[in-house]
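Participant:
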Amino acid sequence: MNKLIDSLLSVIDRATEKRARKAATSVGRRSLLSRTGLALAGTALVPVLPFDRSPGNAWAATGGDKNDQYACSYWRYCALDGVLCNTAGGSLTSCPPGSEASKVSWVGTCRNPNDGKDYLVSYNDCCGKPMANSTACLTSERERPGYRMGLHNDINWCMANANKGYHCTVAVLVGMAE
Numbered sequence: 000m001n002k003l004i005d006s007l008l009s010v011i012d013r014a015t016e017k018r019a020r021k022a023a024t025s026v027g028r029r030s031l032l033s034r035t036g037l038a039l040a041g042t043a044l045v046p047v048l049p050f051d052r053s054p055g056n057a058w059a060a061t062g063g064d065k066n067d068q069y070a071c072s073y074w075r076y077c078a079l080d081g082v083l084c085n086t087a088g089g090s091l092t093s094c095p096p097g098s099e100a101s102k103v104s105w106v107g108t109c110r111n112p113n114d115g116k117d118y119l120v121s122y123n124d125c126c127g128k129p130m131a132n133s134t135a136c137l138t139s140e141r142e143r144p145g146y147r148m149g150l151h152n153d154i155n156w157c158m159a160n161a162n163k164g165y166h167c168t169v170a171v172l173v174g175m176a177e
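In terms of numbering that gives the first Met the number 0, the numbers along the sequence shown are unbroken and rise by one, the last being 177.
1) Nearest CA to the CA of Asn113: which residue from Ala161, Tyr73, Val82?
2) Am I right that Ala170 and Val106 are in contact with their C-beta atoms under 8 Å? What's the rounded C-beta distance?
3) Give the DSSP-derived three-state secondary structure of Leu91 in the structure shown.
4) Nearest by alpha-carbon distance to Cys179: which of Asp117, Leu39, Glu99 is it?
5) Can you give me the start and stop residues for the beta strand (DSSP E) that Arg110 sits inside?
6) Do Val82 and Cys167 have their C-beta atoms within less than 7 Å of each other?
7) Just confirm the distance between the C-beta atoms of Asp80 and Leu137, as a whole number of angstroms; I'd bet it's less than 8 Å.
8) In terms of residues, what are the limits of the alpha helix (DSSP H) holding Thr15?
9) Between the beta-carbon of Ser90 and the beta-carbon of Asn123, is there less than 7 Å?
10) CB-CB under 7 Å to Gln68, same chain, minus the five flanking residues each way: which ones, in chain order?
11) Let me know the secondary structure DSSP gives Gly36 once reduced to three states.
12) Taking a contact to mean a Cβ-Cβ separation below 7 Å, would you say Pro95 touches Ala87 in this structure?
13) Considering only the alpha carbon of each residue, which of Pro129, Leu172, Ala159, Ala131 lies closest to Cys205?
14) Thinking C-alpha only, which one of Asn111, Gly115, Arg18, Tyr165 is nearest Glu99?
15) Quick one: what's got a C-beta closer than 7 Å to Asn111's C-beta in the same chain, skipping five residues either side?
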């Protein structure tokens with residue numbers, strides 16, 4: 000068995016040496032250094048890219064009663080992308096025990112069907128616990144493209160907290176929109 004492994008390693012060593020020698024004759028040191036630097040800079044950006052926190056395709060539909068705060072169709076959830084905290088041990092406006100509100104959030108403007116007025120709703124992710132296996136919603140009314148971070152709801156907003164694990168999202172009324 001050791002002879003087989005030694006033989007395989009020898010083949011890999013020879014192939015690697017052959018490729019390295021060929022690359023050395025066709026690629027200069029500066030070019031190699033610039034490509035390596037570019038690759039390192041690119042990999043440094045990976046942690047700040049947005050990611051999809053959806054559990055597969057389990058996001059709930061948005062049709063239904065606009066006054067049911069336990070349904071994705073609730074009017075305050077017009078720009079919510081996440082798991083409802085009030086179905087995951089918290090409430091409409093407070094995180095469940097053992098989690099904390101994100102230090103940063105996104106804001107949506109939602110119309111209350113009962114009074115016809117627009118309200119600013121702050122969506123805070125609750126961080127510090129594993130993602131809740133509860134009602135997950137994706138509503139993106141008036142969502143802006145992802146290059147404007149403060150206007151985009153597909154970002155892990157727990158990134159500013161010490162514990163970056165996403166658990167659920169609350170919808171807090173900030174005030175009336177003008």
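Glycine residues also receive a C-beta, built at the ideal position from the N, C-alpha and C atoms.
Facilitator: Short version:
1) Closest option to Asn113, judged by alpha-carbon separation, among Ala161, Tyr73, Val82: Tyr73.
2) 10 Å between Cβ atoms; not a contact.
3) The DSSP-derived three-state label of Leu91 is coil.
4) This structure cannot settle anything about residue 179, because the visible part of the chain is limited to 0 through 177.
5) Counting along the chain, the beta strand (DSSP E) containing Arg110 begins and ends at 105 to 110.
6) The answer is yes: Cβ separation under 7 Å.
7) Indeed they touch by this definition, with Cβ atoms about 5 Å apart.
8) Counting along the chain, the alpha helix (DSSP H) containing Thr15 begins and ends at 1 to 25.
9) For Ser90 and Asn123, no; Cβs fall outside 7 Å.
10) In its chain, beyond the 5 residues on either side, Asn85, Leu91 have a beta carbon closer than 7 Å to the beta carbon of Gln68.
11) Helix at Gly36.
12) Between Pro95 and Ala87, the C-beta spacing is below 7 Å.
13) Given that the chain is displayed from residue 0 to residue 177, the structure contains no residue 205 and the question cannot be resolved.
14) Looking at the Cα atoms, Tyr165 is the closest of the given residues.
15) If we look at Asn111 and ignore the five residues flanking it on each side, its Cβ neighbours are Trp74, Tyr118.
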